[in-house]
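**Q**
Chains as they are written, first to last, in this note's numbering: chain A, 209 to 568; chain B, 4 to 587.
Rendered as structure tokens:
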């Protein structure tokens, strides 16, 4: 089954597509609200078209990049790096895991993006009214086509994130398992996104986002651990030479000095086949774990926990932990900071407004 | 007058019979010399009296042999084993270190003194860990005035074959038994030698018959040996005369000896090559550029060219199972005691690859096994006192003993028994698996006998001998790499009779050897003289690899799962904040 359908690839495509659909649905809803019946329907249609163009082109470019990257990996890359296969996979897994970690949290604050978009849409409306403001040509063009650029850049970003992730996770999987999984993932993501748009309950949306982000980080933790494991395995294969390859999953296939556990069964397999291969892709399971792979897995979670705690702290208290709270010092500062305060007060407010609007 | 004459005659015949029992003495000063036998690399080798190759020991049946060994190596201990000699009554002269004696330390001397009462082709070599392939191996020929084949040949020529390494054994051993060699791949030799050289020219006269005493003194590689244009007649193997048997090609494992008759052609038109070709099946990988063959020539006319040997399509060697001993000793058809040895190769928790008999590998005891026998009185019949890692079997005196060897490894192994020649009762083909006593081909009525025998890959062997030689005898694979990785069993034959034979008779220099090396001479395998069943302190050894999850593994797995759940909890907390903020 795994040979035609790569489960981890499905999950990743599902999630990334879900993110995109959510962003798209929020954008569309926003447009509907901001450019309401009292605005020019023609302009709204144009902007909506821009959005769809942005999405479509973003997906298209993503697919090209994805095909290019994955195609290269599976042919040239594989052969070119055969002797350094483990180093190649290891470094790639680590880099992909780090990128995912940094970018993954963003979706949990999709509401923050809405404020940005509100400002952008307001600017667009101003632009419509006063064309030829005299700014740079490029900037002018950007602001005119903001509704195209926004979804385009978002989809592109999410898409490349997906490609990196899939490459990292899917390096061990056979290429034939990709197409079906990708198509199903994209389809499922689009469908769920559409349902959310129709249903519109903010809470269930957020729950979906939380669940999918948890899953994302679970996979990223496994990927990180796998990266470290690949590098350690590379060192072992260089040391033991032929003996390591001949040993299969038995003694000699791993460095016993680094071993934390080794079981003869439950191997992920060379192509990530079988149920244990899925375990490997989703959770980083190895039948032969090393100190490196176990410690890196736990350190990764530690890092994620600390990172999210800091982010949460910053949101609540407007500063980083151990940083002094910002005082209102002088008159001048006060006016600036009060401006800041106003804006800050505004920020929590805007989402609430948006939330209410979507709900109605 | 008649009485005087008869007395004189009597004295004269007495003198003659005494003169038959000659004492041959060899003084060997063992030291490093330099040599380059294959022309590819000059290296230091272990020579005797400043020379290498080392001298051939040549005695006549019935002689007393005295070998005075002085160890001038400086950096290694040594010992000598006279391979194939039964050492009846002189097991303490057999040679394996930590079994029959303490190793001879640098600077010490040691004397081997025993009667040679068996004719044939033998060899002598170092029996400390992995040393003899560095050069300490030579031919040992026992002449027999009553040789049943003596009328069949005109002259005898000794041909020793061996493999050759450019590196020294201690370095090769370190890389062989190491975590970086988990599959136990044996080091591949760099070349093959005949009479410690290559391209040997053997001058022969037309029409004469020569007996070639062929000895394989290698560390690892068995050799296919054939003479182009000439058929061999096998007349002796490992000191056992056989009925002459024709062979075009023979397969000689390490440590085996074959004496073959070759009749020279009647004309001198051409010279003929003979080849020793190393069996590359044994090599884990065959390196590029390795020449596995060594060539020599039967030179009829040294003005004519020496032709290069012809390539052959396949190796079709003579099967030594088919030999019939000259004395037609009958099969021992009633067995008193059976030893079953199941051998395999596996890894231990230091990551290195070891060899096992019955799931146990061999590690030398702290007290040489012979001294344990001599110092433990009635307890000597209890196998336990000989240690946990010596694969020991205690035999009673004068019993028919059967060894069933099951080879659970895909490699070929030449097994050697000290102190005896055995009957080869059964040898299975490749991949026959374990021996099945109820289902096997019929045993030969007069089985062939020798002291070093090949077992086929994943096959089995059955050997029988009579325990008529009290002593401590090793049974081991003669591939030096496998000796190092522990493919050794110890047979303690008739320990009580042995005590009667040897107690108090161990020479001074043997005892000095132990003192010089700080080796205990009394007690069980751990040196315990008080409680011989207490083996605490015996040689330690790596443990088997743990299977499944150990405590460490379970802790790691549980901790990781906990970390993941806590992590997801924190993400959830962070993710749900906007909702809380909304409702707050």
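We put the CB at the ideal spot given by N, CA and C, even for glycine.
With DSSP as the reference, please indicate the residues paired to residue 489/B in a beta bridge.
**A** According to DSSP, residue 489/B bridges with nothing at all.
**Q** Given 8 Å as the limit, is there contact between the segment 242 to 249 of chain B and the segment 178 to 195 of chain B, that is, 3 or more CB pairs closer than that?
**A** Flag = no, the segment 242 to 249 of chain B and the segment 178 to 195 of chain B do not touch.
**Q** Closer than 7 Å by C-beta to residue 32/B: which residues in its own chain qualify, once you throw out the five before and the five after it? Chain order, please.
**A** Same-chain partners within the cutoff: 51, 52, 73 and 75.
**Q** Thinking just about the alpha-carbon of each residue, which of 258/A, 278/A and 372/A is nearest to the one in residue 310/A?
**A** Comparing Cα-Cα distances from residue 310/A to each of 258/A, 278/A and 372/A, the minimum goes to 372/A.
**Q** To the nearest angstrom, how far is it from the Cα of residue 140/B to the Cα of residue 163/B?
**A** Rounded to whole angstroms, residue 140/B to residue 163/B spans 10 Å at the Cα level.
**Q** Can you find a CB in chain B that lies within less than 7 Å of the CB of residue 357/A?
**A** Chain B, which has no Cβ nearer than 7 Å to the Cβ of residue 357/A, makes this no.
**Q** Three-state secondary structure (DSSP) at residue 541/A?
**A** Residue placement at residue 541/A is flagged as unreliable, the pLDDT there being 41, under the threshold of 50; a coordinate-derived value is accordingly withheld.
**Q** Taking the C-alpha atoms as reference points, what is the distance between residue 505/A and residue 234/A?
**A** Each residue's alpha carbon lies about 35 Å from the other.
**Q** Give me the Cβ distance between residue 308/B and residue 295/B, rounded to the nearest whole Å; I'm assuming they're in contact under 8 Å.
**A** No, residue 308/B and residue 295/B are not in contact; Cβ-Cβ is about 24 Å, not under 8 Å.
**Q** For residue 315/B, count the other beta carbons within 10 Å of its own beta carbon; 16 or more makes it buried, fewer makes it exposed. Which is it?
**A** Exposed.
**Q** Taking only beta carbons into account, state which residues of the segment 280 to 294 of chain B come closer than 8 Å to chain A, listed in chain order.
**A** Result list: 287 and 288.
**Q** Please list, in chain order, all residues of the same chain as residue 546/A whose beta carbon is under 7 Å from its beta carbon, the five residues on each side excluded.
**A** Summary for residue 546/A: the model assigns pLDDT 39, below 50, so the residue's position carries little reliability, and this model does not support an answer.
**Q** List, in chain order, every chain B residue whose beta-carbon is nearer than 7 Å to that of residue 421/A.
**A** Under the 7 Å cutoff, chain B gives 574 and 578.
**Q** By the 10 Å Cβ neighbour count, where 16 or more other Cβ atoms means buried, how is residue 388/B classified, buried or exposed?
**A** When all chains shown are included, residue 388/B counts as buried.
**Q** Give me the chain B residues within the contact set of residue 516/A, using Cβ-Cβ distance strictly less than 7 Å, ordered along the chain.
**A** Those are 573, 574 and 577, listed as they occur along chain B.
**Q** When the Cα of residue 564/B is compared with those of 461/A, 430/A, 368/A and 421/A, which residue comes out closest?
**A** Comparing Cα positions, the closest option is 430/A.
**Q** Under 8 Å by Cβ, that's how I've got residue 259/B and residue 417/B pegged, so tell me the actual separation to the nearest angstrom.
**A** Their Cβ separation, rounded to whole angstroms, is 7 Å, which keeps residue 259/B and residue 417/B in contact under 8 Å.
**Q** Taking 7 Å as the CB-CB limit, is residue 543/A close to chain B?
**A** For residue 543/A, the predicted model reports a pLDDT of 40, less than 50, meaning its position is unreliable; a value from the coordinates is still stated below. Chain B contact via Cβ: absent.
**Q** Would you check if there are 3 or more beta carbon pairs closer than 8 Å linking the segment 467 to 486 of chain B to the segment 89 to 102 of chain B?
**A** Cβ pair count under 8 Å is three or more, so yes.
**Q** Among 557/B, 48/B, 205/B and 275/B, which one has its Cα closest to the Cα of residue 167/B?
**A** For residue 167/B, the nearest C-alpha among the options comes from 48/B.
**Q** At the 7 Å Cβ level, is residue 452/B part of the contact set with chain A, yes or no?
**A** Closer than 7 Å: no.
**Q** Let's see if you can read the secondary structure: which residues bound the beta strand (DSSP E) around residue 182/B?
**A** From DSSP, residue 182/B is part of no beta strand (DSSP E); its letter is neither H nor E.
**Q** Report the neighbours of residue 447/A on chain B: residues whose CB is nearer than 9 Å to its CB, in chain order.
**A** 182 and 183, listed in chain order.
**Q** If you follow the alpha helix (DSSP H) that residue 348/B is part of, which residue opens it and which one closes it?
**A** Here residue 348/B belongs to no alpha helix (DSSP H); instead the beta strand (DSSP E) covers 340 to 350.
**Q** Okay, do the segment 527 to 537 of chain B and the segment 492 to 508 of chain B touch, 3+ Cβ pairs below 8 Å being the bar?
**A** No contact exists between the segment 527 to 537 of chain B and the segment 492 to 508 of chain B.
**Q** Please state the DSSP three-state secondary structure of residue 425/A.
**A** Of the three classes helix, strand and coil, the one that applies to residue 425/A here is helix, per DSSP.
**Q** Is residue 366/B near residue 493/B, with beta carbons less than 7 Å apart?
**A** No, the pair does not count as a contact, with Cβ atoms beyond the cut-off.
**Q** Am I right that residue 375/B and residue 526/B are in contact with their C-beta atoms under 8 Å? What's the rounded C-beta distance?
**A** Indeed, because the Cβ distance is near 7 Å, the residues count as touching under 8 Å.
**Q** Leaving out five residues on either side along the sequence, give the residues of the same chain with a beta carbon under 8 Å from the beta carbon of residue 386/A.
**A** Here the set comprises 214, 217, 278, 374 and 378.
**Q** So which residues on chain A does residue 567/B lean against when the C-beta distance must stay under 7 Å?
**A** Within 7 Å Cβ-Cβ: 426, 429 and 509.
**Q** Going by alpha carbons, who is nearest to residue 325/B out of 67/B, 318/B and 452/B?
**A** Looking at the Cα atoms, 452/B is the closest of the given residues.
**Q** Taking Cβ-Cβ distances shorter than 9 Å, what residues in chain B pair up with residue 602/A?
**A** Chain A is shown only over 209 to 568; residue 602/A falls outside these bounds and no answer can be derived.
**Q** Report yes or no: is there a C-beta of chain B within less than 7 Å of the C-beta of residue 525/A?
**A** No - not a single Cβ of chain B is within 7 Å of the one on residue 525/A.
**Q** State buried or exposed for residue 84/B, treating a residue as buried only when at least 16 other CB atoms are found within 10 Å of its CB.
**A** Buried, since its Cβ has 16 or more Cβ neighbours within 10 Å.
**Q** With H, G and I counted as helix, E and B as strand and the rest as coil, what does DSSP make of residue 552/A?
**A** Note that residue 552/A has pLDDT 38, beneath the 50 cutoff, so the model's placement of it is unreliable and no number is given.
**Q** So which residues of chain A does residue 414/B contact, with C-beta pairs closer than 9 Å?
**A** Within 9 Å Cβ-Cβ: nothing; residue 414/B doesn't reach chain A, min ~14 Å.
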